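Novice:
2 protein chains.
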Amino acid sequence: MHSVPSTPDSSGTPESPGAAALARTDPRLPLHARLREVIAERVRSGEWSPDEPLPAESALVAHYGVSLGTMRRVFRDLVDEGLLERRQGTGTFVRRASLDASLFRFFRFGAAGSGFPRSRILSAARQVSTRTIASALGITPGSEVLHLHRLRLYGEQPALVEDIWLPLPLFEPLERIAADDLGDLLYPTYERHCGQIVAAATEELTIEAATAADALLLGCGRAEPVAVVERVARAHDGKPLEYRRSRGPAHTFRYRVDIR
Amino acid sequence: MHSVPSTPDSSGTPESPGAAALARTDPRLPLHARLREVIAERVRSGEWSPDEPLPAESALVAHYGVSLGTMRRVFRDLVDEGLLERRQGTGTFVRRASLDASLFRFFRFGAAGSGFPRSRILSAARQVSTRTIASALGITPGSEVLHLHRLRLYGEQPALVEDIWLPLPLFEPLERIAADDLGDLLYPTYERHCGQIVAAATEELTIEAATAADALLLGCGRAEPVAVVERVARAHDGKPLEYRRSRGPAHTFRYRVDIR
DNA sequence: AAGTGGTCTAGACCACCAC
DNA sequence: TGGTGGTCTAGACCACTTG
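Here the protein sequences line up with chains A and B, keeping their order. Each position in the first sequence, counted from 1, maps to that position plus 69 in my numbering. Each position in the second sequence, counted from 1, maps to that position plus 69 in my numbering.
#1: Taking buried to mean at least 16 other C-beta atoms within 10 Å of its own C-beta, is isoleucine 246(B) buried or exposed?
#2: Please list the partners that arginine 325(B) has in chain A, where partner means a Cβ-to-Cβ separation under 8 Å.
#3: Within its chain, find whatever has a CB closer than 6 Å to the CB of alanine 269(B); leave out the 5 residues flanking it on each side and keep chain order.
#4: Are the CB atoms of arginine 325(A) and valine 298(A) within a distance shorter than 9 Å?
#5: Quick check on the DSSP output: the alpha helix (DSSP H) that includes valine 337(A) runs from which residue to which?
#6: By Cβ distance below 7 Å, which residues in the same chain neighbour phenylalanine 240(A) in space, the five residues on each side in sequence not counted?
#7: With burial defined as no fewer than 16 other Cβ atoms inside 10 Å of the residue's Cβ, what is the status of valine 197(A): buried or exposed?
#8: What whole-angstrom Cβ distance do alanine 278(B) and cysteine 289(B) have, given they're in contact under 8 Å?
#9: Have a look at Val230(A), Asp253(A), Arg145(A) and Asp283(A) and flag the residue whose alpha-carbon is nearest the alpha-carbon of tryptophan 313(A).
#10: For serine 127(B), is the classification buried or exposed, using 16 other Cβ atoms within 10 angstroms of its Cβ as the cut-off for buried?
#11: Have a look at the DSSP bridge pairing and note the partners of aspartate 327(A).
#12: Quick check on the DSSP output: the alpha helix (DSSP H) that includes threonine 201(A) runs from which residue to which?
#13: Among all the DSSP beta bridges, which residues are the ones paired with valine 297(A)?
#14: Within the same chain, show all residues whose beta-carbon is closer than 7 Å to that of tryptophan 117(B), passing over the 5 residues directly before and after it, in chain order.
#15: Between glycine 211(B) and isoleucine 202(B), what straight-line distance do the alpha-carbon atoms span, to the nearest angstrom?
#16: Helix, strand or coil: which one does DSSP assign to phenylalanine 185(A)?
#17: Which same chain residues end up closer than 7 Å to serine 192(B) when comparing Cβ atoms and leaving out the 5 residues on each side of it in sequence?
#18: Skipping 5 residues on each side, what residues in its chain have a beta carbon closer than 7 Å to that of glycine 252(A)?
#19: The beta strand (DSSP E) with alanine 247(A) in it runs from where to where?
#20: Residues of the region 283 to 299 of chain B in Cβ contact with chain A at a cutoff of 7 Å, in chain order, please.
#21: Could you tell me how far apart the beta carbons of isoleucine 276(B) and alanine 296(A) are, in whole angstroms, since I believe they sit closer than 8 Å?
#22: Hey, out of Ala205(A), Ala166(A) and Phe176(A), whose CA is closest to serine 273(B)'s CA?
#23: Look at the alpha carbon of aspartate 120(B) and the alpha carbon of valine 112(B), and state the distance between them as a whole number of angstroms.
#24: Nearest to arginine 156(A) by CA position, among Asp306(A), Arg200(A) and Ala125(A), is which residue?
#25: Which value, in whole angstroms, describes the spacing of the CA atoms of arginine 300(A) and proline 242(B)?
#26: Can you name, in chain order, every residue of its own chain whose Cβ lies under 7 Å from the Cβ of glutamate 106(A), other than the five neighbours on each side?
#27: Got a sec: is the Cβ-Cβ distance from isoleucine 328(B) to anything in chain A below 9 Å?
#28: Could you check whether the Cβ of alanine 319(A) sits closer than 9 Å to any Cβ belonging to chain B?
#29: What first and last residue would you give for the alpha helix (DSSP H) that runs through histidine 101(A)?
#30: Return helix, strand or coil for aspartate 149(B), following the three-state DSSP convention.
#31: Note down, in chain order, each residue of its chain lying with its Cβ closer than 8 Å to the Cβ of glutamate 244(A), except the 5 sequence neighbours on either side.
#32: Near glycine 87(A), what residues of its chain come up, given a Cβ to Cβ distance below 6 Å and the 5 sequence neighbours on each side ignored?
#33: Between the C-alpha atoms of isoleucine 328(B) and histidine 305(A), what's the straight-line distance to the nearest angstrom?
#34: I need the straight-line Cα distance from leucine 152(B) to glutamate 150(A), nearest angstrom please.
#35: For phenylalanine 322(A), go through chain B and note every residue whose CB falls closer than 8 Å to its CB, in chain order.
#36: Look up proline 309(B) in the DSSP assignment and say whether it is helix, strand or coil.
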């Protein structure tokens, strides 16, 4: 028997189609780490939409010429990383984040408003970016951004005041949508009208005194403490998509962390 | 499911020594999940100290009669869970948490105090537990607890006021230690003198107005907003070990979260 | 040098889901 | 029914740490 243990490369042995991509990665890394980067790069490039499954693991195993165990290790890492999700019997999918609900983990409101909060867009207009906004969005100061100002309420109870800034060439389609049609959830709107998928975010919590304008909108006293959540939302490739500043009365603020 | 085809139970075939423990788990679960619970239970029972390695994976593979791949899956899950840590060439160890530094992720102080904060114990005394304390510690209201009151400072700058409650039969040894000898870090002290290892914690952040006493200690105005961090620290088996309430000036508060 | 965990492979069978 | 991911096994070799 001519056992073929390792597919020696001597003659014109046809390599796996994906071998070239693997060869471009750091050869000092373990194979699973190298393959993980290759797959992650394909995901970040937007090659697969969150609605279409990736090729089956068996197909990718053949494509890259690795074993099933290695391929599964790659997938498990990417799932842990939050890039993918797997559904048995269905396939492997690019994960689409659902961050809109997350903000409300920070605030507790009268149990009355158990449902989802409504949004009222107070204004939507072009604006020249300040240094802070430009820095958050990774753009050059002075370039134009779209600015949304909105109020979120539970029933008639004001809960949060938000300012949202979006880099402008990218989010131009939103300008042609009536403020009332933007919907309560913005991220699906970003995806539908601008093709931008929010995949991750960084939030920073601080405490400040309410401005006169915010106090009026929130129905709290002037200079009363408010909790401020600053969020930068990003695409899979890390590109900043949104800079958001949300304020809510400090007495409604509560946040839980579990430490390992 | 996934009945193990090998090792039929027909004759007097000697089963693996660990088979009995596995048999006590829910047979509908995958083998790796069942074995994970068995190992986790042994860890939580305190069978291994954080300084002694667990048996090598080869030994456990033989003991439980599972394959190496399954054993490794179990270990990887337990590492992800934060229960264990593995060091190549050295062994697998019960993880000991290092939570003392974590509190200071919540607060930013003058970059001056770049080092570690000092602790000044203001008082240490027995106390009858209130309902709140008893509920946090999972003990019956009215039972005795040890109460520590301390101030943490960067240089001469007050940073945090803390109240710490410890269930009393357990932490009695601390009463015989001079307040000045408790040290800046309490968790190593708990381990050394009471044999209690803190493995996890839950923290809850809220915003309140400073009490007169706290304002005095923190050097801030009366009724100024303060950030409150309430922590329940637990052993590996989930038993509450400590209830802690830390307050710091709101303007020094800052917290970052990364959302997948 | 011996023992530990880390990587990788090959192949079998099972459970779930959609068509 | 066919294809997907999930589980489990067996065994080889490598890399790291310690004595």
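All C-beta atoms, glycine included, are put in the ideal place defined by N, C-alpha and C. Treat the numbers as computed from the prediction; the structure is a model and nothing was measured.
Specialist: Well, looking at it:
#1: Burial is judged here by how many other beta carbons sit within 10 angstroms of a residue's own beta carbon; isoleucine 246(B) has fewer than 16 and is exposed.
#2: Contact of arginine 325(B) with chain A by beta-carbon distance below 8 Å involves Thr271, Glu272, Glu273 and Leu274.
#3: These residues qualify, in order along the chain: Arg303.
#4: Remark: C-beta atoms of valine 298(A) and arginine 325(A) do not approach each other more closely than 9 Å.
#5: As shown, chain A starts at 70 and ends at 329. That puts residue 337(A) outside it, with no answer to give.
#6: Excluding positions up to five away in sequence, the list reads Leu215 and Cys263.
#7: Around the beta-carbon of valine 197(A), fewer than 16 other beta-carbon atoms lie within 10 Å, marking it exposed.
#8: Alanine 278(B) to cysteine 289(B), Cβ: 11 Å. No contact.
#9: The question names tryptophan, but residue 313(A) is arginine in the sequence shown. Closest by alpha carbon: Val230(A).
#10: Exposed, since its Cβ has fewer than 16 Cβ neighbours within 10 Å.
#11: Partner(s): Thr271(B).
#12: In the DSSP assignment, threonine 201(A) falls within the alpha helix (DSSP H) that extends over 200 to 206.
#13: Valine 297(A) has Thr275(A) and Arg316(A) as its beta-bridge partners, per DSSP.
#14: Within the same chain, Leu123 and Val163 come within 7 Å of tryptophan 117(B) by CB-CB distance, once the 5 residues on both sides are set aside.
#15: Going by the C-alpha atoms only, they are around 10 Å apart.
#16: The three-state secondary structure of phenylalanine 185(A), taken from DSSP, is coil.
#17: Shown here for serine 192(B): same chain residues with a beta carbon closer than 7 Å to its own, the five before and five after excluded, namely His218 in chain order.
#18: Counting only Cβ-Cβ distances below 7 Å, and skipping sequence neighbours, we find Thr258.
#19: Unbroken run through alanine 247(A): none, as it is neither H nor E.
#20: Taking 7 Å as the Cβ-Cβ cut-off, the region 283 to 299 of chain B approaches chain A at Pro294 and Ala296, given in chain order.
#21: The pair is a contact, with the Cβ atoms about 6 Å apart (cut-off 8 Å).
#22: Per the sequence presented here, residue 273(B) reads as glutamate, with serine not at that position. Among Ala205(A), Ala166(A) and Phe176(A), the Cα nearest to that of glutamate 273(B) is on Phe176(A).
#23: If you draw a straight line from the Cα of aspartate 120(B) to the Cα of valine 112(B), it comes to about 13 Å.
#24: Out of Asp306(A), Arg200(A) and Ala125(A), Ala125(A) has the C-alpha closest to the C-alpha of arginine 156(A).
#25: Rounded to whole angstroms, arginine 300(A) to proline 242(B) spans 46 Å at the Cα level.
#26: The residues are Thr94.
#27: Taking a beta-carbon distance threshold of 9 Å, isoleucine 328(B) counts as an interface residue toward chain A.
#28: Yes, contact with chain B.
#29: Counting along the chain, the alpha helix (DSSP H) containing histidine 101(A) begins and ends at 100 to 113.
#30: The answer is helix: DSSP assigns aspartate 149(B) an H, G or I state.
#31: In the same chain as glutamate 244(A), and ignoring 5 residues on each side of it, the C-beta atoms closer than 8 Å to its own belong to Ala193, Arg195 and Leu215, in chain order.
#32: The answer, listed in chain order, is His132 and Tyr133.
#33: Computed Cα separation, rounded: 12 Å.
#34: Cα-Cα distance, rounded: 19 Å.
#35: Correct list: Leu274, Thr275 and Ile276.
#36: Correct three-state label for proline 309(B): strand.
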